[in-house]
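A quick write-up on the structure given underneath.
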Amino acid sequence: MSSEPTGPGPLDRFTGGILRENPIFRQILGICPSLAVTNTMEGAVTMAGAVLFVLVCSNVMISLIRHLLKPHLRILVFTLVIAAFVTVADRILAAFLYDMSKQLGPYIPLIIVNCIIIARCEICAAKQGVWTAVTDAVGQSLGFALSIAAIASIREILGFGTWFGQWFGWRVIPVAPPAVWSPWVVMILPPGAFVTLGLLMGAINHLVARSRKAAA
Amino acid sequence: MKNNDLLDAWLVLVLAAVFGAALAGVYIALTPRILQNQRGDAEKQIPALVPGAARAEKTDVGGETVYRATDAAGALVGWAVPARGQGYADVIQVLIGVDAAADRITGLYVLDQKETPGLGDFIKDGEKYLNQFAGKPAGVPLTVVKKDASAANEIRAVTGATVSSRSVVEIVNAALERFRRHRAAAGA
Amino acid sequence: MDYLSTIVLLAVSTALINNMVFHFFVGNCPFIGVSRRVDTAFGMGAAVTFVTTIASLLSWAMTYYVMAPGAKLTAWIAGLVGYQGTADLSILSYVVYIFAIAWAVQLVEMYVRKYFPPLYKAFGVFLPLITTNCVILFVCLEIMKHVGLGAPDPWGLDKALIYAFFAGAGFLIAIVIMAGIREELDLCDVPKPLQGPGITLIIAGILSLSFMGFTGVDASLAKIMHPKRAEPPPAAAAVSDETARPGATSP
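Protein chains in written order, with my numbering: chain A, 3 to 218; chain B, 1199 to 1386; chain C, 54 to 304.
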């Protein structure tokens, strides 16, 4: 059974996920984790890994059974598949990366309602072959990972002065007397998250508009 | 109509059964490890909190869970008392190490806190706050001061986080008072 | 009096201090997407509150009776077949919760379609989308944390429902405030790259900063409502009150 192209091919899916259809900055999906877990790089990396696992597994599963899906029940099936894989991811984290599991807390199970995954199942996996579904999942996850890594870098460096401070202890801004530099604690707190994401979105919109004008 | 719905739903039911079985498998495989992780959190700290402790076992004193710390030979060297209470932002959970007679605090560890990062959350820092508790008397209530602590029962607050510091001391005072009362009642 | 004050504290804490949007970052997608006008925002907030309360009722019941470690129904069935250990179906929690939420949304959808047709049309596709609203699943997860063996001070149905209702209320407050601000923003000159989600997020940041002012209110309320319980040992009361604000002292 060959996958009749009912959408962009595998390579398009892969690159689209990173830039053109970046889940956070272009599709505006998955905002909740990108604010909640990005006060440290470790949190962002763990979340990105979990999303990669769930997205790839769900896409593969849905793609394998795509010809069996009845239209009015397909959302139910997506939800069931995603919830099951998220449970697995959550248990694996609790077993092998317990500290991260405690730090990320309820945000791992919230991957179930992360719009990115349901959107990919609906747009790609339900219509295209397994290989395309895999590249789509990897591309979107990579786009998501790079985006939240960018947010987390800004927040952790300005808020703690470290980068990967928990796992590797790298200090970017040396400890200095308060008169010289105090960490911007607000960056670790909710307001810093919102403002960072808002400004980054503005910056990316600006770059996209400029490149469109240059191409025209 | 109803018949049709059931037929349509066969995929959902099959998937539910398959995933149910898979999840049960994951549960059986991973739960022992997870339980160990959860237990280990508090118990890992006990050797540092109670000097000379080689083993700790969970017991019950006066209806509350405490850890009984023993050395390699099995003799009682101290206790680790878990406690919790309201901090500035949210609940703070601590583990208090005391000596065998529950007369002196041997150490303090913050298990969980959600205080303000960069301010209140320094209560989990040994140098800035926690190390002061070792050696303090467990029989009298501790007090919090902003300058250097002079009396035996004084604790110096974390700069700029007096409420968090005071909350921890209140939690410690209440827990130790209860623990000593229960031990006295049990005649230990 | 004690019970009432616990409920009041829980309500205030959930709606204002630990606000779903500004503190826990859940419910951001509709918060950014549906906050253009106050009437739609209010409708969305009300719908979310309604769905959350119903879904949490289902979740609490399922958790308490079936899924939590040592839950009554499961333990009874396990007893029947002679199973010795603690019956623990909590691994099924997430799947069950999301289905409870989907079912609650279906229920609300049917109800709104029958009794408020114009509202149903106004909502369009957003009503079924409430299933993917993080607030509801987050509330179910919080309930799961507070129910079952070993949970300190387990929540009964009353506390779970209060928590769910006021979580929705907090979301409603947040989204209505944002809608009010965005209506005014239509008259302002927002730079093109920031229009839409960009400026909304920045405003959300300022709003969450102001909501941080509520921190510690529940601890103070608790002290007022239970003066006897909260009284510190006499020696500790020697610390002066002006030190009660962190940051008031320079490091």
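From the three backbone atoms N, C-alpha and C, an ideal C-beta is built for every residue, glycine too.
Endpoints, beta strand (DSSP E) assigned at residue i
| i | result |
| --- | --- |
| glutamine 1330 of chain B | First-last for glutamine 1330 of chain B: undefined, no H or E at that position. |
| arginine 22 of chain A | No beta strand (DSSP E) contains arginine 22 of chain A, which DSSP labels as neither H nor E. |
| leucine 1293 of chain B | 1289-1297 |
| alanine 1281 of chain B | 1274-1284 |
| aspartate 1310 of chain B | 1303-1310 |
Sequence-distant residues of its chain with Cβ nearer than 7 Å to residue i (five each side left out)
| i | result |
| --- | --- |
| glycine 141 of chain A | Arg15, Phe16, Thr17, Gly18, Gly19, Ile20 |
| tyrosine 1327 of chain B | Phe1320, Ile1321, Val1356, Ser1363 |
| valine 119 of chain C | Leu126, Thr127, Leu142 |
| valine 1259 of chain B | Phe1377, His1380, Arg1381, Ala1384 |
Within chain C, the residues that residue i reaches when beta carbons sit closer than 8 Å
| i | result |
| --- | --- |
| cysteine 117 of chain A | Cys82, Thr185 |
| proline 193 of chain A | Gly258, Ile259, Ser261, Leu262, Met265 |
| alanine 1287 of chain B | Thr268, Gly269 |
| leucine 199 of chain A | Leu254 |
Close beta carbons around residue i, own chain, < 6 Å, minus the five adjacent residues each side
| i | result |
| --- | --- |
| valine 292 of chain C | The pLDDT assigned to valine 292 of chain C is 36, lower than 50, so where the model puts this residue is not dependable; a value taken from the coordinates is nonetheless given after this. Closer than 6 Å at Cβ, skipping near neighbours: no residue. |
| isoleucine 84 of chain A | Ser60, Ile114, Ile119 |
| glutamate 284 of chain C | Annotation note: pLDDT 39 at glutamate 284 of chain C (below 50); position unreliable, no value reported. |
| valine 1289 of chain B | Arg1282 |
| phenylalanine 84 of chain C | Val74, Ile228 |
| serine 261 of chain C | Phe75 |
| phenylalanine 264 of chain C | Asn72, Phe75 |
| threonine 40 of chain A | Ala46, Ile150, Ile153, Ala154, Arg157 |
Own chain partners of residue i with C-beta closer than 8 Å, once the 5 adjacent residues on each side are dropped
| i | result |
| --- | --- |
| valine 1343 of chain B | Glu1352, Ile1353, Arg1354, Ala1355 |
| glutamate 1375 of chain B | Pro1339 |
| valine 165 of chain C | Ala100, Leu172, Tyr173, Phe176, Leu180 |
| leucine 62 of chain C | Asp271, Leu274, Ala275, Met278 |
| valine 1370 of chain B | Ala1281, Val1292, Ile1294, Ile1303, Leu1306, Phe1331, Leu1340 |
Three-state class that DSSP yields for residue i in the structure shown
| i | result |
| --- | --- |
| proline 1339 of chain B | coil |
| leucine 260 of chain C | helix |
| aspartate 1258 of chain B | strand |
| isoleucine 1353 of chain B | strand |
| alanine 283 of chain C | Below a pLDDT of 50, predicted positions are generally treated as unreliable, and alanine 283 of chain C, at 44, falls in that range; the measurement from the model is reported next regardless. In this structure, alanine 283 of chain C counts as helix in the three-state DSSP scheme. |
| valine 243 of chain C | coil |
| valine 65 of chain C | helix |
| tryptophan 169 of chain A | coil |
| arginine 1266 of chain B | strand |
| threonine 47 of chain C | Given that chain C is displayed from residue 54 to residue 304, the structure contains no residue 47 of chain C and the question cannot be resolved. |
| arginine 1253 of chain B | strand |
| threonine 164 of chain A | strand |
| arginine 89 of chain C | coil |
| aspartate 14 of chain A | helix |
| alanine 1207 of chain B | coil |
Chain-ordered neighbours of residue i on chain C, where CB pairs are closer than 9 Å
| i | result |
| --- | --- |
| isoleucine 30 of chain A | Cys82, Ile85, Gly86, Gly249, Pro250 |
| leucine 148 of chain A | By Cβ distance, chain C contributes nothing, its closest Cβ being about 18 Å from leucine 148 of chain A, past 9 Å. |
| leucine 1221 of chain B | Ile144, Leu145, Val148 |
Start and end residues, alpha helix (DSSP H) containing residue i
| i | result |
| --- | --- |
| isoleucine 230 of chain C | 210-238 |
| leucine 219 of chain A | Missing from the structure shown is residue 219 of chain A; chain A here goes from 3 to 218 and no further. |
| methionine 49 of chain A | 43-66 |
| serine 1348 of chain B | Looking at the DSSP string, serine 1348 of chain B is not in any alpha helix (DSSP H), and its letter there is neither H nor E. |
| tyrosine 147 of chain C | 146-168 |
| phenylalanine 196 of chain A | 192-217 |
| tryptophan 129 of chain C | 125-134 |
Per-residue contacts from residue i into chain C (C-beta, under 7 Å)
| i | result |
| --- | --- |
| isoleucine 120 of chain A | Thr185 |
| proline 108 of chain A | Phe191, Leu194 |
| asparagine 207 of chain A | Pro246, Gly251 |
| cysteine 123 of chain A | In chain order: nothing, as chain C lies at least about 12 Å away. |
Where residue i meets chain B, residues with beta-carbon distance less than 8 Å
| i | result |
| --- | --- |
| leucine 190 of chain C | Per Cβ cutoff of 8 Å: no residues; leucine 190 of chain C is ~18 Å from chain B at best. |
| threonine 137 of chain A | By Cβ distance, chain B contributes nothing, its closest Cβ being about 24 Å from threonine 137 of chain A, past 8 Å. |
| alanine 275 of chain C | Gln1284 |
| alanine 220 of chain C | Here the premise fails: no neighbours, minimum Cβ distance about 16 Å. |
| leucine 75 of chain A | Asp1206, Ala1207, Leu1209, Val1210 |
8 Å Cβ cut-off: residues of chain A touching residue i
| i | result |
| --- | --- |
| leucine 1228 of chain B | Arg93, Ile94, Ala96, Ala97 |
Interface partners of residue i on chain B, CB under 9 Å
| i | result |
| --- | --- |
| alanine 272 of chain C | Gln1284, Gly1285, Tyr1286, Ala1287, Val1361, Ser1365 |
Residues that residue i contacts on chain B, provided the C-beta gap is smaller than 7 Å
| i | result |
| --- | --- |
| leucine 70 of chain A | Leu1209 |
| valine 79 of chain A | Leu1209, Val1210, Leu1213 |
Inspect the CB distances between the stretch 87-104 of chain C and the stretch 114-121 of chain A and report whether three or more fall short of 8 Å. no
Can you find at least 3 beta carbon pairs, one from the stretch 1222-1236 of chain B and one from the stretch 95-110 of chain A, that sit closer than 8 Å? yes
How do the stretch 1289-1298 of chain B and the stretch 1267-1277 of chain B stand: do at least 3 beta-carbon pairs fall below 8 Å, yes or no? yes
Validate contact between the stretch 183-193 of chain C and the stretch 145-157 of chain C using beta carbons, cut 8 Å, 3 pairs: yes
Say whether the stretch 171-183 of chain A touches the stretch 46-54 of chain A, bearing in mind that this needs 3 or more beta-carbon pairs closer than 8 Å, one atom from each stretch. no
State whether the stretch 57-76 of chain C contacts the stretch 270-277 of chain C, with contact taken as three or more CB pairs (one from each stretch) at a distance under 8 Å. yes
With three or more C-beta pairs closer than 8 Å as the rule, is the stretch 63-82 of chain A touching the stretch 1211-1218 of chain B? Yes: the two stretches touch, three or more of their Cβ pairs being nearer than 8 Å.
Looking at C-beta atoms only, is the number of pairs between the stretch 130-141 of chain A and the stretch 166-173 of chain A that lie closer than 8 Å three or more? no
The stretch 202-212 of chain A in contact with the stretch 232-251 of chain C per 3-pair CB rule at 8 Å: yes
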